[in-house]
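In my numbering, the protein residues as written are 3 to 136.
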Ligand SMILES: [Zn+2]
Ligand SMILES: [Zn+2]
């Protein structure tokens, strides 16, 4: 797996400690965390970390296409390491967002009824399998 520092350098981003840790967190945890969750998870390890730094870093990484910002289900912005387009499923009981691996035809750069598609998101809502089992 490519190192975090290499990924940052490839995108012309100086690999500061905070940036490395934030990107590492998002690559390890595919839970679509909010900036707040990322801050809470890292502040113990990096007491000098501020929420502003987390927000700024997420913005930089999103602008460079390393992260995807998801503001799809509610006002709250969530982030994930940029992978191939996939379907999101949100549980209305526990609030978890799952990645669904089912593939679908990518509509990127296609034209639909005269509109040009730049991004393509599919979002499903329902009750997740662990909530159904309990
Ligand atoms: Zn659930
Ligand atoms: Zn996802």
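Backbone N, C-alpha and C define an ideal beta-carbon position, used for all residues, glycine too.
Requested in this report: Drop a sphere of 10 angstroms on the beta-carbon of residue 50, count the other beta-carbons inside from all chains shown, and report buried for 16 or more, exposed for fewer.
Outcome: On the chain shown, residue 50 is found 48 positions in, with the first residue counted as 1. Exposed, because fewer than 16 other Cβ atoms sit within 10 Å of the Cβ of residue 50.
Query raised in the report: What are the uninterrupted segments assigned as beta strand (DSSP E) that are 3 or more residues long and contained completely in the segment 29-77, given in chain order?
Result: 69-72
Query raised in the report: Any heavy atom of ligand 1 closer than 7 Å to the CB of residue 129?
Result: Here the question's residue 129 lines up with position 127 in the chain shown. Yes.
**Report entry** Alpha-carbon to alpha-carbon, residue 112 and residue 7
**Finding:** Sequence index remark: in the chain shown, residue 7 carries index 5 (1-based). Sequence index remark: in the chain shown, residue 112 carries index 110 (1-based). So the alpha carbons of these two residues sit roughly 34 Å apart.
**Report entry** Touching by the beta-carbon criterion (3+ pairs, under 8 Å), the segment 125-135 and the segment 55-62
**Finding:** no
**Report entry** Straight-line Cα distance separating residue 37 from residue 54
**Finding:** By 1-based counting over the chain shown, the position of residue 54 is 52. By 1-based counting over the chain shown, the position of residue 37 is 35. Spanning the two alpha carbons is a distance of roughly 10 Å.
Query - Collapsed DSSP secondary structure at residue 112 in the structure displayed - result: The residue you call residue 112 lines up with position 110 of the chain shown. Coil, per DSSP.
Query raised in the report: Under the rule that 16 or more other beta-carbon atoms within 10 Å means buried, what is residue 12, buried or exposed?
Result: By 1-based counting over the chain shown, the position of residue 12 is 10. Its Cβ having fewer than 16 others within 10 Å, residue 12 is exposed.
Query raised in the report: Smallest Cα separation from residue 66: which of 134, 124, 15?
Result: By one-based count along the chain shown, residue 66 stands at place 64. Of the listed residues, the one whose Cα sits closest to residue 66 is 15.
Query - CA nearest to the CA of residue 90, picked from 47, 125, 23 - result: Your numbering for residue 90 matches position 88 in the chain shown. Nearest of 47, 125, 23 to residue 90, Cα basis: 125.
Query - Residue range of the beta strand (DSSP E) that includes residue 82 - result: Working through the chain shown from its first residue, we reach residue 82 at position 80. Segment 80-83, the beta strand (DSSP E) holding residue 82.
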